[in-house]
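Numbered according to the numbering used here, the sequence shown spans residues 21 to 213.
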Amino acid sequence: MRIDASDIDHAAALFDEAAVLLLQLEIPMDAVVAAAERVRRAGGLVVLDPAPAPAHELPERLWTLSDVVTPNETETQVLTGVAPDSPESAERAARTLIERGARAAIVKMGARGVWWQDENAGGFIPAYPVVAIDSVAAGDCFNAGLAVSLAQGRALADAVRVAAACGALATTRSGAADAAPTWGEVEDLLSRS
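In structure tokens form, the structure reads like this:
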């Protein structure tokens, strides 16, 4: 089965009710753009994880529909030409993503931490100290924590702290779904840091 823009229309009620839509590039681009347009028209936020790293430029329209874009190191380098190996280079890359039209950018640097940037402010959040054994679910858990936090009305800086905790905790377990932390575990890590 192949998803396309017409599928977005068929599920319009779900998109119209969404506070936050988390998108990746694993479905056809016309469906990605249609979903983002639908949610933005209804007043929701669009979080774009540009994964897998795109082989071609993303459509300009997708950049302008994205409230937050969350690339990892590889995706950041593909999209901006900047290798985010320090907070300074991550900031440069984030600013480049904002210049393309995203309202905010979060550059995930794995064990080195995360840089977040919007039009007015930005900052570095070091990685939480955990004993990592498997990073397979870290990015997905980061994005889930970010989306939930934004849906709760948290400010971007606070939402990124929560997201970073979710991603860090996911590395402490093997697997994908089994690695997802509980909200209590996230709150516990945040309270200790």
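The beta-carbon is built from N, C-alpha and C at its ideal position, and this holds for glycine as well.
Asked: May I ask which residues mark the beginning and end of the alpha helix (DSSP H) holding Q97?; Found: 93–100
Asked: Which of the three DSSP states, helix, strand or coil, is assigned to V53?; Found: helix
Asked: Which first and last residues belong to the alpha helix (DSSP H) in which L45 is found?; Found: First-last for L45: undefined, no H or E at that position.
Asked: V98: which of A55, A71, A124, E46 sits nearest, CA to CA?; Found: A71
Asked: Secondary structure at A39, three-state DSSP: helix, strand or coil?; Found: coil
Asked: Can you give me the Cβ contacts of I28 inside the same chain, cut-off strictly under 7 Å, excluding the 5 residues immediately before and after it?; Found: F35, A51, A54, A55, R58
Asked: Assign A164 to one of two classes, buried (16 or more other C-beta atoms within 10 Å of its C-beta) or exposed (fewer than that).; Found: buried
Asked: Bridge partners of N137, per DSSP?; Found: The amino acid at residue 137 is misidentified as Asn; the sequence shows Gln. Answer by DSSP bridge pairing, in chain order: A125, G142.
Asked: Please specify which runs of the alpha helix (DSSP H), each continuous and at least 4 residues long, are wholly inside the stretch 61–85, giving them in chain order.; Found: 80–85
Asked: Does the distance from the C-beta atom of Y148 to that of L65 stay below 7 Å?; Found: no
Asked: Keeping to the same chain, check which residues put their C-beta closer than 6 Å to that of R123; ignore five residues upstream and five downstream.; Found: D87
Asked: Who pairs with V89 in a beta bridge, going by DSSP?; Found: L68, A125
Asked: Is L198 helix, strand or coil by DSSP?; Found: In the sequence under discussion, the amino acid at residue 198 is Asp, which differs from the Leu named in the question. In the structure shown, D198 sits in a helix (DSSP, three-state: H, G or I).
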